[in-house]
Amino acid sequence: MEYKELKNKGKKELHELLAEKRDELRELRFKAHEKQLKNVRSIRVVKKDIAYILTAINAQHVSVAQENAKDSSV
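Residue numbers for the sequence shown follow the numbering used here, so the first one is 33 and each next one is one higher.
Pasting the structure below:
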């Protein structure tokens, strides 16, 4: 998953995707603890995906705040 893909998604979609990735991370951690997970690197990939999603959500919040500040100053 790339940040470019996430920039165009809506707030609701991003939050749904975030919940999915957090569930996936939880499952991967359980499997790693039980020695059932062969590819431990997948945990790192999911954590990076979560970071990308959180960055996209924060960028949307910042852009809305900047627009509101610009409107109130005019």
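In this text, a Cβ means the ideal position worked out from N, Cα and C, and glycines have one as well.
Tell me the DSSP secondary structure of residue i in three-state form.
i: residue 72; result: coil
Could you please give the first and the last residue of the uninterrupted alpha helix (DSSP H) stretch that includes residue i?
i: residue 44; result: 43-65
i: residue 37; result: 35-39
Contact check, residue i vs residue j under 8 Å by CB: the rounded distance?
i: residue 53; j: residue 77; result: Not really, about 10 Å apart at Cβ, beyond 8 Å.
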